[in-house]
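Data block below; observations after.
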Amino acid sequence: MNYIQQAYKGQRELWMFILTTFLVAGIFISNFVFYLVSDPSDLDAAMDAMKSWNLPANVILAINLLPFVFLLGLLFILVKFVHQRSLLSLTTTRLKVDYKRILFSFLMITIYTVVSFFIMYSIDSSEIEFQFNPVKFSILFIISILLFPFQIGLEEYLFRGYLMQHIGILVKNKWFPLIFTSILFGIAHSANPEVGAIGFWQMMIFYVGTGLLLGIMTLMDEGLELALGFHLGNNLIASLLVTADWTALQTDALFKDTSEPELGSISEIILPVLIVYPLMLLILSKKYGWTNWKDKLFGKVEEPPKENYKIID
């Protein structure tokens, strides 16, 4: 069975899919609705209101991440007890979760991000401030290590896992859920301050492009492990390494970017999607021996014979 076919291992009535999606994805839906109905000045006002609380950056980060703990737990509960599926079937086609895959993709994006940052820093550091505070950074590190796995876990298990699998068995193909969940992933981040600072379409290229990268990883590798590691590494480094006043993650990171979001930021966002992401897919394909790209990304999804799977008790 391929990754999308894992959804056949459980109950899959339409009302279950609708209920689970709205209960778990409510935070993303509300963010998009808020973006659609709000004037850009309202978005700025919302950010200013949060700043007016005068709460430490670490406290605000924890407040923003804690809901993901509840939502990921809720998704797991609904999958387990409503859909009557194992969490392993939501994660991978392998007999157990491959933590080495998670580690490899985590290190791949982490090394790339750190090296590229310090190359740019060595070329021009005029608008980057070193703001290391041992106490604040230690607290940030603990919060990030404890809570970011829940945040990225929810996004991956929801978009690349639950939605991709269930939409796939509804439409009976792989390309539509890949593209659709990538667009949803972009829309879910539309209320992030980067969108207002840099531009909607520029950021959508980045978010949707990242969603496509993670979705291709998942379908080609028949599991979420690579996407989980990549997403975790990306968000952890974004939190710990460098922050800016116009980003969603305003933390007590090691560095602060004081520049305005101009063409340089746009190139740093779009170029990875066009150049770096394909190279990373090439690296992964060589390491894990990916073949038959056409079928894995564009093939049909058929219900397997009944004797090949069982409903999880």
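Numbering-wise (our numbering), the sequence shown opens with residue 4 and increments by one. Cβ coordinates follow ideal geometry from the N, Cα and C atoms, glycine included.
Please specify which runs of the beta strand (DSSP E), each continuous and at least 3 residues long, are wholly inside the segment 123-167, giving them in chain order.
Counting only runs of 3 or more, we get 131-133.
Could you compute how far the alpha carbon of G232 sits from the alpha carbon of P307?
Locating residue 232 in the sequence shown gives position 229, where the first residue counts as 1. Locating residue 307 in the sequence shown gives position 304, where the first residue counts as 1. Between G232 and P307, the C-alpha separation is close to 30 Å.
Between which residues of its own chain and L211 is the CB-CB distance below 8 Å, once the five residues before and five after are set aside?
The residue labelled residue 211 in the question sits at position 208 within the sequence shown. Rather than Leu, the amino acid found at residue 211 in this sequence is Val. Excluding residues within five positions, the ones whose Cβ falls inside 8 Å are S185, I186, F188, G189.
Out of K289, I219, W293, F135, state which residue places its alpha-carbon closest to the alpha-carbon of L243.
Here residue 243 is taken as the residue at index 240 of the sequence shown, counted from 1. The residue with the shortest Cα to Cα distance from L243 is F135.
Flag this pair as touching only if the segment 79-94 and the segment 214-223 have three or more C-beta atom pairs under 8 Å; answer yes or no.
They do not touch, by the three-pair rule.
Cβ of W249 within 8 Å of Cβ of E197?
By one-based count along the sequence shown, residue 249 stands at place 246. By one-based count along the sequence shown, residue 197 stands at place 194. Yes, they are a contact pair.
Quick one: any contact between the segment 245-262 and the segment 175-182, if contact means 3 or more CB pairs under 8 Å?
Flag = no, the segment 245-262 and the segment 175-182 do not touch.
Please tell me whether F35 and A194 are closer than 8 Å, where the distance is taken between their beta carbons.
Start at 1 with the first residue of the sequence shown, and residue 35 comes out as number 32. Start at 1 with the first residue of the sequence shown, and residue 194 comes out as number 191. Contact flag set, yes.
Under three-state DSSP, which class holds G13?
Along the sequence shown, one-based indexing puts residue 13 at 10. Three-state DSSP puts G13 in coil, outside helix and strand.
According to DSSP, is I315 helix, strand or coil?
Position 312 of the sequence shown holds residue 315. For I315, the predicted model reports a pLDDT of 49, less than 50, meaning its position is unreliable; a value from the coordinates is still stated below. Looking at I315 - three-state DSSP - the assignment turns out to be coil, as it is neither helix nor strand.
Using a threshold of 8 Å, state whether the C-beta atoms of F203 and V276 are closer than that.
Along the sequence shown, one-based indexing puts residue 203 at 200. Along the sequence shown, one-based indexing puts residue 276 at 273. Not in contact: F203 and V276 (Cβ atoms no closer than 8 Å).
My assumption, with CB atoms under 8 Å, is that L216 sits in contact with L110. Please give the rounded CB distance.
Counting from one through the sequence shown, the residue named residue 216 turns up at place 213. Counting from one through the sequence shown, the residue named residue 110 turns up at place 107. That belief does not hold up - the Cβ atoms of L216 and L110 are roughly 16 Å apart, past 8 Å.
With DSSP run on the structure shown, which of helix, strand or coil describes K103?
Here the question's residue 103 lines up with position 100 in the sequence shown. Looking at K103 - three-state DSSP - the assignment turns out to be helix.
For the putative contact between Q9 and T96, defined by C-beta atoms under 8 Å, what is the C-beta separation to the nearest angstrom?
The count along the sequence shown starts at 1 and reaches residue 9 at position 6. The count along the sequence shown starts at 1 and reaches residue 96 at position 93. The pair is a contact, with the Cβ atoms about 6 Å apart (cut-off 8 Å).
Starting from the Cα of G236, find the closest Cα among S108, I146, F71 and give me that residue.
The residue given as residue 236 occupies position 233 in the sequence shown. Measuring from the Cα of G236, the nearest candidate turns out to be S108.
Whole angstroms is fine: what's the gap from E132's alpha carbon to Y11's?
Taking the first residue of the sequence shown as 1, we reach residue 132 at position 129. Taking the first residue of the sequence shown as 1, we reach residue 11 at position 8. When rounded, the distance between both Cα atoms is 52 Å.
Taking all protein chains shown into account, decide if M206 is buried (16 or more other Cβ within 10 angstroms of its Cβ) or exposed.
Within the sequence shown, residue 206 is the residue found at index 203, counting from 1. It counts as buried.
Going along the chain, which residues of its own chain have a beta-carbon closer than 7 Å to the beta-carbon of A2, five neighbours each way excluded?
Here the chain has residues from 4 to 316 only, and residue 2 is not among them.
Taking the C-alpha atoms as reference points, what is the distance between L166 and T23?
Here residue 166 corresponds to residue number 163 of the sequence shown, with the count starting at 1. Here residue 23 corresponds to residue number 20 of the sequence shown, with the count starting at 1. C-alpha separation (whole angstroms): 10 Å.
Look at L68 and L150 and say whether their C-beta atoms are less than 8 Å apart.
Walking along the sequence shown from the start, residue 68 turns up at place 65. Walking along the sequence shown from the start, residue 150 turns up at place 147. Yes, they are a contact pair.
So what does DSSP say about G171, is it helix, strand or coil?
Here residue 171 corresponds to residue number 168 of the sequence shown, with the count starting at 1. Helix at G171.
For N61 and I142, what's the separation of their Cα atoms in angstroms?
Position 58 of the sequence shown, counted from the start, is the residue given in the question as residue 61. Position 139 of the sequence shown, counted from the start, is the residue given in the question as residue 142. If I take the Cα positions, the gap works out to 7 Å.
What does G226 pair with, by DSSP beta-bridge criteria?
For the purposes of this step, residue 226 is taken as the residue at position 223 of the sequence shown. Beta-bridge pairing links G226 to T95.
Thinking C-beta only, is E228 closer than 8 Å to V100?
Reading the sequence shown from its first residue, position 97 is the one you call residue 100. Reading the sequence shown from its first residue, position 225 is the one you call residue 228. Result yes, Cβ atoms of V100 and E228 sit closer than 8 Å.
In whole angstroms, what is the alpha-carbon distance linking Y115 and Y160?
Taking the first residue of the sequence shown as position 1, residue 115 is located at position 112. Taking the first residue of the sequence shown as position 1, residue 160 is located at position 157. So the two alpha carbons sit approximately 24 Å from each other.
What residues in its chain sit with their C-beta under 7 Å from that of I315, if we drop five residues either side in the sequence?
For the purposes of this step, residue 315 is taken as residue 312 along the sequence shown, with counting starting at 1. A caution first: I315 carries a pLDDT of 49, below 50, which makes its placement in the model too unreliable to give a value.
Count the other C-beta atoms from every protein chain shown that fall within 10 angstroms of the C-beta of N295, then say buried if there are 16 or more, exposed otherwise.
The residue labelled residue 295 in the question sits at position 292 within the sequence shown. When all chains shown are included, N295 counts as exposed.
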